[in-house]
Every structure is written in C-alpha cells, then in structure tokens.
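Residue numbers (our numbering), protein chains in the order written: chain A, 1 to 278; chain B, 1001 to 1278.
The beta-carbon is built from N, C-alpha and C at its ideal position, and this holds for glycine as well.
Protein chains: 2
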Amino acid sequence: MSLPRFTVWGVTGVPEIGAGDDLVSHILQAVAAQEADDPEAALRDGDILVVTSKIVSKAEGRQFPAADREKVIAQDTVRVVAERVHPGGVTQIVETRHGLIMAAAGVDTSNVPDGIALRLPEDPDASARAMCAGLRERLGITLGLIITDTMGRPWRVGQTDVAIGAAGVMVTDDMRGGVDANGRPLQVTITVLADELAGATDLVKGKATGIPIAVVRGLGRLVTDVDAPGARTLVRSVDDDMFRFGSAEAYRLGYEAALAELRDGGQTTSKRVKQRQD
Amino acid sequence: MSLPRFTVWGVTGVPEIGAGDDLVSHILQAVAAQEADDPEAALRDGDILVVTSKIVSKAEGRQFPAADREKVIAQDTVRVVAERVHPGGVTQIVETRHGLIMAAAGVDTSNVPDGIALRLPEDPDASARAMCAGLRERLGITLGLIITDTMGRPWRVGQTDVAIGAAGVMVTDDMRGGVDANGRPLQVTITVLADELAGATDLVKGKATGIPIAVVRGLGRLVTDVDAPGARTLVRSVDDDMFRFGSAEAYRLGYEAALAELRDGGQTTSKRVKQRQD
Chain A
1 MSLPRFTVWG VTGVPEIGAG DDLVSHILQA VAAQEADDPE AALRDGDILV
51 VTSKIVSKAE GRQFPAADRE KVIAQDTVRV VAERVHPGGV TQIVETRHGL
101 IMAAAGVDTS NVPDGIALRL PEDPDASARA MCAGLRERLG ITLGLIITDT
151 MGRPWRVGQT DVAIGAAGVM VTDDMRGGVD ANGRPLQVTI TVLADELAGA
201 TDLVKGKATG IPIAVVRGLG RLVTDVDAPG ARTLVRSVDD DMFRFGSAEA
251 YRLGYEAALA ELRDGGQTTS KRVKQRQD
Chain B
1001 MSLPRFTVWG VTGVPEIGAG DDLVSHILQA VAAQEADDPE AALRDGDILV
1051 VTSKIVSKAE GRQFPAADRE KVIAQDTVRV VAERVHPGGV TQIVETRHGL
1101 IMAAAGVDTS NVPDGIALRL PEDPDASARA MCAGLRERLG ITLGLIITDT
1151 MGRPWRVGQT DVAIGAAGVM VTDDMRGGVD ANGRPLQVTI TVLADELAGA
1201 TDLVKGKATG IPIAVVRGLG RLVTDVDAPG ARTLVRSVDD DMFRFGSAEA
1251 YRLGYEAALA ELRDGGQTTS KRVKQRQD
C-alpha cells in the first residue's frame, strides 16, 4: 500500500533472560529464528524496537529477594505522591528516582521466579542507548529503540504501557508554533510519540503472552541519532505539575498548614510547609 | 507473516465535514477511493476504525460561534479540577459532562473555520454505536469503531489520543485473576486497549496532516458486539480517584476547612467541606 501506514509485530522466542545476559544477542537470535520462517521479519533501516523493561532489568541483574521488597521500594522512591489504605493493603503512588510516578516504584513480582522481585533498570535511557547502539553496529542498519513499563493513570481506569527509556527515536513531535489546514495555531502542541509507540506495541506484547519485544515498521521518519533526547525528557517539570500530590495528601498539608500558622503566628511554619511542597 | 501482528493506516481523502453530513457515507467513499488504488484498503471483518472526534462533532453540528467559547466551556463543565494562571492566560482543567478530565472541556478552535469553535459530541459512545452499526450494515462485515480526542496528562509532558467513544470493540482486557508464565498472579490487571488503539492511530492520523481516520487490521480478536461497554466505562469512579483536585486546589480546601472549623467550632463546616469534596 502507498498509504501512510505502519505495522507492528511481536518478537517471539526470546528465552528467559538472566542476570548478565547479552540482551542484544538474544534479540538478534530471536529475530533470526523468525526470519527463517518469514524474510519480512528481518530488521531493516527505520524499524523501531520496543522492549519491555522487565527483560532489560533481568539482563542488568536487577533481581532481588522478594523479602526485601519494601526496602527496595523505599530505595527507589524519591517521595510519596499519594497513598490509600484499602481492604487488600496500602496502595502507594510514588515518584521514582527516574521521575516516574507509579505504584510500588515499579517493583514487580510477576513473570519472575518465586521468591524473586525485580526493580526497574538503573538508567533506562542509558540502557536504551547501549542496546540501540549495539543493534545498529551488529546489523549495520539504523533503528530506534524504546524501553517500556506499565503505568496506571489518574481519572481513567486501568494501565497502559509508556516509554521509560528511548534511544534513536524522536520521543515527541513538538508542534508548538505549527498551524492547522486553515493556517490557525494548533492547540495541541506536543504529541508524545514514544508513549504512543509504547501503547501500540502493548497490543501485541501483552502481559500474559510472554512476548517481551515488538517491532514497529513504517515510521522510519521518527528514527534519529542514538543520543537524541530520551524518555527522561517526558517527565513534567515540578513547575508545570498541577498534580504533585494526591488530593487527600494536599488537603492534609493545607489543613495542617493552617493549624500550624495559627499556633505559631504564621511566619516560620508557613515557610516549612512551603518547603514540604517543593 | 504468521506472527502476532497488526497494521495501521490513515484514510486519506475525507472531505471537509459539515453539520448534518452522513459521516458513514463519507467514510465509505474515502475508503472506496483508496481501494481503487489498493485492494488491501477495502474494509474487512475484524478491522477497527479509529475516528477523530473533530469530524464527528462537525457532522453532529457541534459548531458554535467562537465568541461564545467561555459560555460553552461552562456548559460542558461539571466541575473545575485545577486551575493555573500563567503569562498567556488561565489554564483550567475541568471534568466534562462525559467524565473526561481535560483543558477547556474539549472545546477546540483548530481545524475549523475562522470565528467557529467546536465542542465534543453530546454522547461519544452513542455516536460510535451509530457509526459502527451503520458501517456494519452497509458493508455486511463486523468491525469495531473508536472515537478519539487528544488529552494532556499529569506528570508527563505533552498529549496523546485516548478513546472517548467506542462501539463493537473491547475497550479493556481485564486480567484480574490471571496468571503469568510462572502461574503467579499478574500485578497489572486491566490493559486499556481502547486508549492504546487511540494512541497508536495518532501516529498516522496526526493533527497537521488532515487525516481524521485510521484503520487497524489484525486485532479482530478485540472486535465484539456493537452494544458492548463503551469508552464511558474508562472513566474512573470518584471513590477510586486519588487525584480529584489539583494539588493547589486541594491544599486550599484543606487550609480553608481548618480555618472554618476553628471559627465555627467544627461540626457544621466540616460537613460543608466534605460535601465540596464529594
């Protein structure tokens, strides 16, 4: 077809990944096996690989004893954003060291052996750059790579995959200053390509199917330098963040601030509360 | 390829849509024109059409004079979630009558003629059902249909498309109770397929290209009854919503509640503030 189009498929046959494994080699082997069945599966210039963070974590040795779960979550947490107690336990939404807002700091115990838990890669953009550079070198082609994780979101049910690491692919399409077909300024200004790619590939990767990698073909116009801005640039700045705390947490901060100001006469406490908000 | 895969392409040649237009006919004509160039473009059983809400609004006569913008935003707003004053004006995040949390209640002035603004469809799920049923009847095939709009989100920069209406397609994959490859409970429980489809197709639809419709082929397993639960079911319930207000707004509510309780001795005001939160 000569239409604007792209195709997404899952890379099957990736073996269970262990600490220290060369993930690039595993990917190339899995792709080669698919290629034997279907020449179309051979990677090409302009392809974008989308890789579940879980296998990156495994290769990077991010496994730890599940008994240490709370300790590791605390290590990976910069601050608690919101917390809710419910019959099943406590749901804590935190900001991770990567700037991601997610439950349990991304620590996961599904799709890992019993007694083991997994934390996110130390620096997902660096992981993406290393893998992207390795694949480009070994294949002699120019492709992009995204590392995904699964996140909930406010206001809407459920989870989707988003980009937590990226290399060699444009993470946003910044249309600020652009115009529509009538020459009028576009109100939507920054399309988040990397998250749209992450979500798209979740439709073939799936959590229950054991397919950790997908290929996107047909969007080669998004492929760029390995060192282009990564997924870290998708984290909103504190100044632009209107939802820095859960409503209950912010309400409580305001309530306590008023009480403290009245008790202390205002000056010092007001400053202290402001610091807690920053 | 016999791999798990799908393809996405844009439907080009959709004309400018006006109030009262039969959108189903316009879609069929545009598809037929593509089909003349490429037989693959003919719609088939299991295809999912993803349609930008803008053309649905236009067909449903949701245009209004741009001068009435503030009045219409107020009409479509259930409550203000967060507000921020900045050099360019005031950004107001509101909950619309549809349960969507978005800036300006989805009112848009891009890609419409000068002096005109556009509001969201009255009932996007109903619009989706009507279009899906019409297409199924006229083509004699079973396809799904999603209506999208563009939304910002907390914590992460930029915007992506999400589903605001859906018919004939599973909007979520509910894996609660499911297990991973090791037989352990899946921690991620509800994958939001409709939003992932919406984001995926934004990669070919694009705001500046004037392509308002995309087709997804290869995910026929997600196509279901026209009357299956729609996009309205993606709106999180009040009880599950930890981010019902912006942080500044919730902080102010807490602050005022404390002052009011101290002033009034507690009982009545505490009740009033609680009502404001509900």
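Chain-ordered neighbours of residue i on chain B, where CB pairs are closer than 8 Å
i	result
P4(A)	W1009, G1010, T1012, V1204, T1209, I1211
Which of helix, strand or coil DSSP assigns to residue i
i	result
M1242(B)	coil
I55(A)	helix
D38(A)	coil
P1017(B)	Checking the sequence shown, residue 1017(B) turns out to be Ile, not Pro. Of the three classes helix, strand and coil, the one that applies to I1017(B) here is coil, per DSSP.
T1012(B)	coil
R1153(B)	coil
T1160(B)	strand
P4(A)	coil
D349(A)	This structure leaves residue 349(A) out entirely; chain A is present only between 1 and 278.
T148(A)	strand
Q1275(B)	Low per-residue confidence applies at Q1275(B): pLDDT is 48, beneath 50, and the placement is therefore not dependable enough to give any value.
G1046(B)	coil
G1165(B)	strand
I141(A)	coil
I27(A)	helix
T1201(B)	helix
Beta carbon proximity, residue i to chain A, threshold 8 Å
i	result
A1258(B)	yes
L1023(B)	no
D1195(B)	yes
R1252(B)	yes
Neighbouring residues, chain A, relative to residue i (Cβ below 8 Å)
i	result
I1093(B)	M242
G1061(B)	Those do not exist, as G1061(B) stays about 19 Å from chain A at its closest Cβ, beyond 8 Å.
L1219(B)	L203
Any chain B beta carbon closer than 8 Å to residue i
i	result
F245(A)	yes
Q159(A)	yes
I190(A)	yes
G265(A)	no
L262(A)	yes
G20(A)	no
Proximal residues of chain A, C-beta to C-beta of residue i below 9 Å
i	result
P1154(B)	I101, R153, P154, W155, R236, D241, M242, F243, R244
Interface residues of chain A facing residue i [CB-CB closer than 7 Å]
i	result
R1084(B)	M242
9 Å Cβ cut-off: residues of chain B touching residue i
i	result
A200(A)	F1006, V1008, E1196, L1197, G1199, A1200, T1201, L1203
T172(A)	V1157, G1158
L145(A)	Simply none; closest approach about 17 Å.
task: Flag this pair as touching only if the stretch 146-156 of chain A and the stretch 252-267 of chain A have three or more C-beta atom pairs under 8 Å; answer yes or no.
output: The stretch 252-267 of chain A and the stretch 146-156 of chain A do not touch, with fewer than three beta-carbon pairs separated by less than 8 Å.
- request: Tell me the start and end of each unbroken alpha helix (DSSP H) in the stretch 62-124 of chain A that is at least 4 residues and wholly inside, in chain order.
  value: 69-76, all fully within the stretch 62-124 of chain A.
field: At least three beta-carbon pairs within less than 8 Å, the stretch 45-57 of chain A to the stretch 214-221 of chain A
entry: These segments touch.
Secondary structure, beta strand (DSSP E): runs of 3+ residues fully inside the stretch 1213-1263 of chain B: DSSP assignment within the stretch 1213-1263 of chain B yields the following whole beta strand (DSSP E) runs of 3 residues or more, N-terminal first: 1213-1217.
Segment contact flag, the stretch 1059-1070 of chain B with the stretch 1216-1230 of chain B, C-beta cutoff 8 Å, min 3 pairs: No: fewer than three Cβ pairs fall under 8 Å.
task: Please determine if the stretch 243-252 of chain A and the stretch 1240-1249 of chain B are in contact, where contact requires at least 3 C-beta pairs separated by less than 8 Å.
output: As far as the Cβ criterion goes, the stretch 243-252 of chain A touches the stretch 1240-1249 of chain B, which means the pair count is three or higher.
task: May I ask you to verify whether the stretch 1011-1025 of chain B touches the stretch 11-29 of chain A, counting CB pairs closer than 8 Å and requiring at least 3?
output: A contact is defined here as three or more CB-CB pairs under 8 Å, and the stretch 1011-1025 of chain B fails this definition with respect to the stretch 11-29 of chain A.
query: Can you find at least 3 beta carbon pairs, one from the stretch 117-128 of chain A and one from the stretch 77-91 of chain A, that sit closer than 8 Å?
result: As far as the Cβ criterion goes, the stretch 117-128 of chain A does not touch the stretch 77-91 of chain A, which means the pair count is below three.
contact_flag[the stretch 71-81 of chain A, the stretch 163-175 of chain A] where n(CB pairs < 8 Å) is 3 or more: Short answer: they don't touch.
query: Quick one: any contact between the stretch 1096-1107 of chain B and the stretch 1134-1146 of chain B, if contact means 3 or more CB pairs under 8 Å?
result: Short answer: they don't touch.
message: Measuring CB atoms only, is the stretch 1028-1048 of chain B touching the stretch 1106-1116 of chain B, in the sense that at least three cross pairs come out at less than 8 Å?
response: No, they do not touch.
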